[in-house]
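Participant: Quick note: the sequence shown, position 140, residue 140 per UniProt numbering, numbers continuous. I am attaching a structure below and will ask some questions about it afterwards.
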Amino acid sequence: MVPRSVSFFFQSSFLRCPPNPNSRRILRSNRFGLTATTPLRSIASVAAAVSTFGRGAKMSTNNANGNGPVEDQYVPDVATVVNPNPDITGEWTVEKVLDTIPTGKPVEQSSSPLAYFHILERLKTMKREGWRRFGIQGGESISDHMYRMSMMSMFAPPALAAKLDMQKCMKMCLIHDMAESIVGDITPVDGVAKPEKSRREAATMDYITTGLLGKVDGGVVGTEIRAVWQEYEDSKTLESHYVHDIDKVELLLQMVEYEKRGKGKLDLGEFAYVKTKIVLDEVKAWADELIKDREAFWDGHSHVDGEAGVAGGVDPEKKSMQDEYYSGHGKQEQ
């Protein structure tokens, strides 16, 4: 879609343009640095550059006084985190990743939370890696995933909600993948063992909550964030079990939504396997409804029934990796 400002420009300019079918030129618009001698193709490039800003494009503009020749200025791709999962030589460390951040290392031990706010931006622009293996390049971001989880968590059935600290559940949804801002979204097929993944994430959360937030308001909020994240990781409380289950249902929702947009040409059935790892009956009911909806969509056509595990198309090696990554429920504390 062309931005409103550009649409208005096109409308007003052409209304004032004297009829001249041979020149295909338009009158000046100082707003975009275009002149009466600017070809329509240059204006189109401006519209494209504005409407897709951040993808790396050439924007045609005039010089400072508006009277010179049209110049091509490159608009860099600023909307994507550069190499969110960089190759690290030797042992992985937070510092090595920070060295690759295009905006520079965050300021540590500051009383201001701005450095932390900047780190959160990486969650907005990093895509969930699992979908990319299926050619979905512009899919959901990590923040997209966590936001929907937090909204879903509000809908615990009354009998379950009465046992939960709902405020903590919402916080946990928004915090649980925060470490991926530095670690990246490691999936079961990436060849990183679960203990190593956990080490990286713990180191990242220590860096964020101590290095970036340790001196912000006495470190109170940072300490809370670290505790809520650890509770999710330990997975021993009812709240953590609920959020782990919400995490899986959100994945199932996205799976079904992408398949439907693919109009039967995109089979993401291997992700349906996570349904088998949901433990709370109330959340299982949501997952059952989703899988039923998915089966109705496929309507007997050949597809991977991931819920069936190996028999449904998930090979033993991948099933083993999924078992390790998605076994997020420990024994509940009494």
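Don't be surprised by glycine CBs; every beta carbon is placed ideally from N, CA and C.
For LYS127, count neighbouring Cβ atoms within 10 angstroms of its own Cβ and tell me buried if that reaches 16, exposed if not.
Facilitator: buried
Participant: Residue range of the alpha helix (DSSP H) that ILE225 falls in?
Facilitator: 220-234
Participant: Count the C-beta pairs between the stretch 261-281 and the stretch 214-233 that are closer than 8 Å, then say yes if the count reaches three, no if not.
Facilitator: no
Participant: Would you mind sorting GLU121 into buried or exposed? The rule is 16 or more other CB atoms within 10 Å of its CB.
Facilitator: An exposed status is given to GLU121, since fewer than 16 other beta-carbon atoms sit within 10 Å of its beta-carbon.
Participant: Which of the three DSSP states, helix, strand or coil, is assigned to LYS284?
Facilitator: helix
Participant: Measuring alpha carbon to alpha carbon, tell me which of LYS275, SER302, LYS263, VAL279 ends up nearest GLU289.
Facilitator: LYS275
Participant: Measure the Cβ-Cβ separation of TYR258 and GLY139 and say whether it is below 9 Å.
Facilitator: Yes, these two residues count as a Cβ contact at 9 Å.
Participant: Return the residue from the list LYS124, LYS215, VAL243 that minimises the CA-CA distance to GLN109.
Facilitator: LYS215
Participant: Report the CB separation of GLU231 from SER240 in whole angstroms; it is logged as a contact under 8 Å.
Facilitator: 5 Å
Participant: Do CYS169 and ILE246 have their C-beta atoms within less than 9 Å of each other?
Facilitator: yes
Participant: Measure the alpha-carbon distance for LYS124 versus ASP144 and round it to whole angstroms.
Facilitator: When rounded, the distance between both Cα atoms is 7 Å.
Participant: What ranges does the beta strand (DSSP E) occupy inside the stretch 177-220, keeping only unbroken runs of at least 3 residues that lie completely in it?
Facilitator: Counting only runs of 3 or more, we get nothing.
Participant: Report back the beta-carbon spacing between LEU238 and LEU174 to the nearest angstrom; my notes put them in contact at under 8 Å.
Facilitator: At roughly 18 Å, the Cβ-Cβ gap does not stay under 8 Å, so LEU238 and LEU174 are not in contact.
Participant: Within the same chain, show all residues whose beta-carbon is closer than 6 Å to that of ARG133, passing over the 5 residues directly before and after it, in chain order.
Facilitator: Taken in chain order, the list of residues that qualify is empty.
Participant: Kindly list the residues whose CB is nearer than 8 Å to the CB of LEU160, restricted to its own chain and excluding five residues on each side of it in sequence; keep chain order.
Facilitator: TYR242, LEU280, GLU282
Participant: What's the call for ILE196, buried or exposed, on a 16-neighbour Cβ count within 10 Å?
Facilitator: Just to set this straight, residue 196 is Glu in the shown sequence, not Ile. Looking at its Cβ environment, which holds fewer than 16 other Cβ atoms inside 10 Å, GLU196 is exposed.
Participant: Around the C-beta of GLU91, are 16 or more other C-beta atoms found within 10 angstroms, so that it is buried, or is it exposed?
Facilitator: exposed
Participant: PRO76 and LEU213: beta carbons closer than 9 Å?
Facilitator: no
Participant: Measuring straight from C-alpha to C-alpha, what distance separates ILE291 and VAL94?
Facilitator: Cα to Cα, the separation comes out at about 39 Å.
Participant: Using alpha carbons as the reference points, say which of PRO106, THR103, PHE117, HIS244 lies closest to MET149.
Facilitator: HIS244
Participant: Is the beta carbon of VAL97 sitting closer than 9 Å to the one on ILE182?
Facilitator: yes
Participant: Let me know the secondary structure DSSP gives SER141 once reduced to three states.
Facilitator: strand
Participant: Whole angstroms are fine: how far does the CA of MET154 sit from the CA of PHE53?
Facilitator: For PHE53, the pLDDT reaches just 40, beneath the cut-off of 50, and the residue's location in the model is therefore unreliable, although a value from the coordinates is still provided. Approximately 35 Å, taken between the alpha carbons.
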